[in-house]
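Novice: From first to last, the protein sequence lines are chains A and B. 1 is the number of the first residue of the first sequence in full-length UniProt numbering; add one for each residue after it. 1 is the number of the first residue of the second sequence in full-length UniProt numbering; add one for each residue after it. Just so you know, even glycine gets a beta-carbon here, dropped at the ideal spot from N, CA and C. Before we start, here is the structure in question, set down as structure tokens.
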Amino acid sequence: MALDSPKELGAIQFGLMDPETYRDMSATKVITADTYDDDGYPIDMGLMDPRLGVIDPGLECRTCGQHSGSCNGHFGHIELAAPVIHVGFTKLIRRLLRATCRECGRLSLTDEEKEEFSEKLERAKELGEDPNDVLKAAIRQARKAGRCPYCIDQSTGEPTKQHDIKHEKPTTYYEVQDVLSGEYSELIASAMQPDPDDEDDPGMAPQELAEKTDIPLDRINQILSGEFRPKADDRKAIERALDIDLTEEDMNKLMPSDIRDWFEDIPDEDIEAIGIDAERSRPEWMILTVLPVPPVTARPSITLDNGQRSEDDLTHKLVDIIRINQRFMENREAGAPQLIIEDLWELLQYHVTTFIDNEISGTPPARHRSGRPLKTLSQRLKGKEGRFRGSLSGKRVNFSARTVISPDPTLSLNEVGVPRRVATEMTQTMNVTERNLDRARRFVSNGPEGHPGANYVKRPDGRRLKVTEKNCEELAEKVEEEWEVNRHLIDGDIVIFNRQPSLHRMSIMAHEVVVMPYKTFRLNTTVCPPYNADFDGDEMNMHALQNEEARAEARVLMRVQEQILSPRFGENIIGAIQDHISGTYLLTHENPQFSETQALDLLRATSVDTLPEPNGETETGDPYWTGRALFSELLPDDLSLEFTSSAGDDVVIEDGQHLEGTIDEDAVGAFGGEIVDTITKVYGETRARIFINEIASLAMRSIMHFGFSLGIDDESIPEEANEMVDEAIENAYEQIQELIETYAAGELESLPGRTVDETLEMKIMQRLGKARDSAGEIAEDHFGDDNPAVIMARSGARGSMLNLTQMAGCVGQQAVRGERINRGYEDRTLSHFRPNDLSAEAHGFVENSYRGGLTPKEFFFHAMGGREGLVDTAVRTSKSGYLQRRLINALSELEAQYDGTVRDTSGTIVQFEFGEDGTSPVKVSSNVENEIDVGSIADRVIDNEFTSEEEKARFLGTQEPPTNLSEYAGPGLNKAGTQEVESDD
Amino acid sequence: MVDVSQHELVPDHTVLDDPEEVEAVLEEYNVNKTNLPKIKRTDPALRETEAETGDVVRIERDSRTADRAVVYRLVVE
């Protein structure tokens, strides 16, 4: 088949299918519900008829002569004994019934109205609006008509009255008609009786009625005795004479055949006025008279281990349809009563309905014998695992690998450690040329198990040969130019690496391969933030790229270093985290001194191999280097930067020398570390990558130099501090007691807009919050600045002062739904308290610290608050996931054009200038104070580019080059006849 | 009734009366009228102007990123 090259689709058109087309394309009519006979051969004109395609290998298709695999299968058809409604179109059927005349089938709109809606349709198409809205509006308008504007009812001589259509889901339609009430004689008689409450009413004699209505007296008598049903005219006359209503609403069921007849009458131009293309979609085709039978290839039966055949759900459903269809025909031919026919009709409708969609509300789903609902046509297409989202948009892919991730600080952030097992399984195609022939042969001769080896070779004639341990030596010699070799992944190959959920573009980045032993993917810890990865068992996926274009694109656009800046907030998302930050903090906070050995050790994992001038000499006369000086070695030589960290520390960097301030999260951290951000924007991604790698190495060395650990004793405070905390809490308790007493005495003044109860709650909460804070302050005062937890909290590496407060001082108030804990028993939270106890401890105040340990009651309240947090996160992730999906679906077709506008696929402008300023968020400075000095960047680039002042001046246009120089005056040409060009690499 | 066009948060809406002006806008962005963003004729901001369906409105608004942003909208039903 000629499907090798992608084809461009001009247009896709959807419409209904003509039953005749079903018959034409059908390979066979299906009449028997059986599939295979006793010998296991498919029955002719059965559901597995060989003309419907082949699934068993070796057999030949009776329609096209091809074998299984190349034959796509062929449709068959079932002639339905009676028309049934297609469930997919119930809404449109209802609309058309309501909008068209029951007699002549014409749309109940005047010509002007039709014209108007045609125009509106045109407009909607132009503006890219939904034509469905126009259709709905037209139907609404037509429904208002009440009477057909085109035809005359023969019996009344008036325009035909349109009845209301009632739709009982899923597939029953009724016409609501006014018919003569069954109790008409009683109604007339009672109206003729004199009114007992009204003495003036003498009643009406039959003679009088006969006169008034022009009906003969004996007919009146017959009507009164219930022997004769008055015709519509007579009924109206009697109604007028007696001022009564003799009708009642009757529901007249519309059988699918009635609806089909009705729709056949609708003229083409009428439905075209409401946007239905009559050429392709006649409305009567929404009522099925022929049912297409999907090819066997779409519903293959499987042979179980015990040799039994198990049929597909669709086949089961088709069996049901054929059985009922046959029973229907037999019964009708035998002249069965109308009631039975109607029952069978309904049953046929049910089976066809569930064949199309088995999840219709109001219909019990068709079930398998085991009780499992059948998976029918619509279920195959719908939802995440359906054909569209599951099989077409998302497929399983080759050249991919997945395993657990673990950290490796020795890798560059651009790299990924790939286990040898993975590297030998995933291949890259090598086109063998003169230049790589030897290399290609070496790969092949290493075989599929050695690394770096090869798994397959492809000869120029297209034959693919598997490289095995046995034939690899032999094969290697045969490899020639123009062969293709599928070699293993080797160091430096580019692959795509991904962690789900892929919430932003940095969730999928390109890395360079480093083949490693063991079984996990290894990555530099600084790329954890963009992937949101940790190493508690996270797994990640890797994809090997299969053509040069993809590899080049990945390297240029997707490599980790190209993603250092996040388009979300325009600052770096890759940078130092956790221990790196503690490390730089220790190195720079008190600016410690290092001996030569120590300094060299700190910088050993970086590219710095010579120390700068020492910062001074110790008392013993040995030179020393300060932490900040060592840190400065990693900075670009001409970097100047000043900023205030959120800890309030002024950091000063001048000409690449870090002079003042502590390097913490605000300086080098991921999520907007000022130095990383500036280096990326001013010196480029490559310099930033080097900087981040080296910062991480230096920080790891530094934290190992100082030693950094945290134990439970680091959170204990002296006894007197504990007493102070207790006292602070005791104070709060007393004040709360006072508050409660004022409240009990009814003297508490409510805050504006709140009740007294709410005011009390608020004040108590406030007071307890203050109590915890003061406990925290007391605890903080007793922690040294060298306390590891304090270092982590201050530097922003991990944790906060609040965490410390809770560990050492007091855990504080537990809350559920933002209030103190108020649930549990009647009027109290636990049976340990008196009813209506308003005190702090009865409503979830935890006065102990985590280190000190919680009382059982506190522990319980704490668990309540903790549970709420867990539920919240669970709910939030699922909610935000769906929100994200919807947002991405809505935005996915928007694109920034070359002219700066943002447009959707139909060319409609969404923004006249991207972001109103046409600027990429990653190309601008993070804040006003740190504006990027473009001039200095330009100067630096130009200075690096030109060696002589003269050339520079010429390039800048400040000095005109001499023209019309004699051949002897200018620079000579080289032998190749071209001006010598120096590589700018 | 309140005239919202006087409110500080409602940007200036002006109808492009001159067909040439409209043409220039369409030319600049190389679009058909129907590919412009839309605004309803009944939009409160348009009450004071006499915009008809099919007109093009220029809206000049303050922008967080570009100080001043100009956009055009097609008036629809």
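Can residue 400 of chain A and residue 552 of chain A be called in contact, C-beta distance under 9 Å?
Specialist: Translated into positions along the first sequence, residue 400 of chain A becomes position 400. Translated into positions along the first sequence, residue 552 of chain A becomes position 552. Going by C-beta atoms, residue 400 of chain A is not nearer than 9 Å to residue 552 of chain A.
Novice: In chain A, which residues lie less than 9 Å from residue 15 of chain B when you measure between Cβ atoms?
Specialist: Locating residue 15 of chain B in the second sequence gives position 15, where the first residue counts as 1. The contacting residues do not exist; residue 15 of chain B stays about 18 Å from chain A at best.
Novice: Which complete beta strand (DSSP E) runs does the segment 162 to 230 of chain A hold, if anything under 3 residues is left out?
Specialist: Segments of the beta strand (DSSP E) lying fully in the segment 162 to 230 of chain A: 164 to 168 and 172 to 180.
Novice: To the nearest angstrom, how far is the alpha carbon of residue 513 of chain A from that of residue 520 of chain A?
Specialist: Position 513 of the first sequence, counted from the first residue, corresponds to residue 513 of chain A. Position 520 of the first sequence, counted from the first residue, corresponds to residue 520 of chain A. Computed Cα separation, rounded: 13 Å.
Novice: Under 9 Å, Cβ to Cβ, is there at least one residue of chain B near residue 128 of chain A?
Specialist: The count along the first sequence starts at 1 and reaches residue 128 of chain A at position 128. Yes, because at least one Cβ of chain B sits closer than 9 Å to the Cβ of residue 128 of chain A.
Novice: May I have a chain-ordered list of the beta strand (DSSP E) segments no shorter than 3 residues that lie completely inside the segment 70 to 137 of chain A?
Specialist: Runs found: 76 to 85.
Novice: I'd like to know whether the C-beta atoms of residue 563 of chain A and residue 530 of chain A end up nearer to each other than 9 Å.
Specialist: Counting from 1 along the first sequence, the entry for residue 563 of chain A is found at position 563. Counting from 1 along the first sequence, the entry for residue 530 of chain A is found at position 530. Yes, these two residues count as a Cβ contact at 9 Å.
Novice: To which residues does DSSP link residue 718 of chain A through a beta bridge?
Specialist: For this step, residue 718 of chain A is matched to residue 718 along the first sequence. In DSSP, residue 718 of chain A forms no bridge with anything.
Novice: Please go through the same chain and pick out, in chain order, the residues whose beta-carbon is closer than 6 Å to the beta-carbon of residue 12 of chain B, but skip the five residues on each side of it.
Specialist: On the second sequence, residue 12 of chain B is found 12 positions in, with the first residue counted as 1. Answer for residue 12 of chain B: 60, listed in chain order.
Novice: Helix, strand or coil for residue 857 of chain A per DSSP?
Specialist: Residue 857 of chain A sits at position 857 when you count from the first residue of the first sequence. Looking at residue 857 of chain A - three-state DSSP - the assignment turns out to be helix.
Novice: Output yes if chain B places a C-beta closer than 9 Å to the C-beta of residue 932 of chain A; else output no.
Specialist: The residue labelled residue 932 of chain A in the question sits at position 932 within the first sequence. Answer no: the Cβ-Cβ gap between residue 932 of chain A and chain B never drops below 9 Å.
Novice: For chain A, check one thing: does any of its Cβ atoms lie closer than 9 Å to the Cβ of residue 65 of chain B?
Specialist: What you label residue 65 of chain B is simply residue 65 of the second sequence in a count that begins at 1. It does; some Cβ of chain A falls within 9 Å.
Novice: If contacts are defined as beta-carbon pairs under 8 Å, then residue 496 of chain A and residue 502 of chain A qualify, I think. What distance do you get, rounded to the angstrom?
Specialist: Taking the first sequence and counting its residues from 1, the one referred to as residue 496 of chain A is at position 496. Taking the first sequence and counting its residues from 1, the one referred to as residue 502 of chain A is at position 502. With a Cβ gap of about 11 Å, residue 496 of chain A and residue 502 of chain A do not count as contacting.
Novice: Does DSSP put residue 787 of chain A in a helix, in a strand, or in coil?
Specialist: Within the first sequence, the letter at position 787 stands for residue 787 of chain A. Coil, per DSSP.
Novice: Which full runs of the alpha helix (DSSP H) of 4+ residues lie inside the segment 475 to 548 of chain A, going along the chain?
Specialist: Listed in chain order, they are 528 to 531.
Novice: Go through its chain and collect everything with a Cβ distance to residue 32 of chain B's Cβ below 8 Å, but skip five positions before and after it.
Specialist: Here residue 32 of chain B refers to the residue found at position 32 of the second sequence. For residue 32 of chain B, where only same-chain residues beyond five positions count, the Cβ hits under 8 Å are 26.
Novice: Given residue 41 of chain B, which residues of its chain have a CB within under 8 Å of its CB, disregarding the five upstream and five downstream residues?
Specialist: The count along the second sequence starts at 1 and reaches residue 41 of chain B at position 41. Only 51, 52, 53, 75, 76 and 77 meet the Cβ criterion.
Novice: State the beta-bridge partners of residue 572 of chain A as determined by DSSP.
Specialist: Taking the first sequence and counting its residues from 1, one reaches residue 572 of chain A at position 572. Note: residue 572 of chain A sits in a beta bridge opposite A:565.
Novice: Can you find the residues in the same chain that come closer than 7 Å, C-beta to C-beta, to residue 632 of chain A, ignoring five residues on each side of it along the sequence?
Specialist: One-based indexing of the first sequence puts residue 632 of chain A at position 632. These residues qualify, in order along the chain: 656, 657 and 658.
Novice: Against residue 328 of chain A, what residues of chain B qualify as contacts under a CB-to-CB distance less than 9 Å, listed in chain order?
Specialist: In the first sequence, the residue the question calls residue 328 of chain A occupies position 328. Neighbours of residue 328 of chain A on chain B: none; closest Cβ ~51 Å, over 9 Å.
Novice: Nearest by alpha-carbon distance to residue 818 of chain A: which of A:849, A:858, A:762 and A:906 is it?
Specialist: Stepping through the first sequence from its first residue, residue 818 of chain A is reached at position 818. Of A:849, A:858, A:762 and A:906, the residue nearest in Cα terms is A:762.
Novice: Against chain B, does residue 133 of chain A count as a neighbour if the rule is that its beta carbon must be under 9 Å from one of theirs?
Specialist: Position 133 of the first sequence, counted from the start, is the residue given in the question as residue 133 of chain A. Judged by the 9 Å Cβ criterion, residue 133 of chain A is not in contact with chain B.
Novice: What are the start and end residues of the beta strand (DSSP E) that includes residue 641 of chain A?
Specialist: Taking the first sequence and counting its residues from 1, one reaches residue 641 of chain A at position 641. From DSSP, the beta strand (DSSP E) with residue 641 of chain A extends over 641 to 644.
Novice: In chain B, what lies closer than 7 Å to residue 755 of chain A by C-beta?
Specialist: For the purposes of this step, residue 755 of chain A is taken as the residue at position 755 of the first sequence. Within 7 Å Cβ-Cβ: nothing; residue 755 of chain A doesn't reach chain B, min ~35 Å.
Novice: In this structure, how does DSSP classify residue 946 of chain A when only helix, strand and coil are distinguished?
Specialist: Start at 1 with the first residue of the first sequence, and residue 946 of chain A comes out as number 946. In this structure, residue 946 of chain A counts as coil in the three-state DSSP scheme.
Novice: Is the Cβ-Cβ distance between residue 721 of chain A and residue 782 of chain A less than 9 Å?
Specialist: Taking the first residue of the first sequence as 1, we reach residue 721 of chain A at position 721. Taking the first residue of the first sequence as 1, we reach residue 782 of chain A at position 782. Yes.
Novice: State the DSSP-derived secondary structure class of residue 617 of chain A, mapped to helix, strand or coil.
Specialist: The sequence position of residue 617 of chain A within the first sequence is 617, counting from 1. Residue 617 of chain A: strand per DSSP, three-state reduction.
Novice: Using a C-beta to C-beta distance shorter than 8 Å, which residues of chain A count as neighbours of residue 37 of chain B?
Specialist: As a first step, residue 37 of chain B must be located in the second sequence, where it is residue number 37. Ordered by position in chain A, the residues that pass the 8 Å Cβ test against residue 37 of chain B are 908, 909 and 910.
Novice: Let me confirm a value: residue 19 of chain A is counted as buried when at least 16 other C-beta atoms fall within 10 Å, else exposed. Which label applies?
Specialist: As a first step, residue 19 of chain A must be located in the first sequence, where it is residue number 19. Its Cβ being crowded by 16 or more others within 10 Å, residue 19 of chain A is buried.
Novice: Under the assumption that residue 291 of chain A contacts residue 77 of chain A (Cβ atoms under 8 Å), give the Cβ distance between them as a whole number of angstroms.
Specialist: Position 291 of the first sequence, counted from the start, is the residue given in the question as residue 291 of chain A. Position 77 of the first sequence, counted from the start, is the residue given in the question as residue 77 of chain A. So it is a contact: roughly 7 Å between Cβ atoms.
Novice: At the 9 Å Cβ level, is residue 22 of chain B part of the contact set with chain A, yes or no?
Specialist: Here residue 22 of chain B refers to the residue found at position 22 of the second sequence. Answer no: the Cβ-Cβ gap between residue 22 of chain B and chain A never drops below 9 Å.
Novice: Quick check: what's the CA-CA separation for residue 427 of chain A versus residue 506 of chain A?
Specialist: Mapped onto the first sequence, residue 427 of chain A falls at position 427. Mapped onto the first sequence, residue 506 of chain A falls at position 506. Near 25 Å, if we compare the C-alpha coordinates of residue 506 of chain A and residue 427 of chain A.
Novice: Three or more C-beta pairs under 8 Å: does that hold for the segment 93 to 113 of chain A against the segment 143 to 160 of chain A?
Specialist: Counting Cβ pairs under 8 Å, three or more are found: they touch.
Novice: With DSSP collapsed to three states, give me the class of residue 57 of chain B.
Specialist: As a position in the second sequence, residue 57 of chain B is number 57, starting the count at 1. Of the three classes helix, strand and coil, the one that applies to residue 57 of chain B here is strand, per DSSP.
Novice: How far does the alpha helix (DSSP H) with residue 624 of chain A in it reach, from first residue to last?
Specialist: By one-based count along the first sequence, residue 624 of chain A stands at place 624. First-last for residue 624 of chain A: 623 to 626, but that is the beta strand (DSSP E), not the alpha helix (DSSP H).
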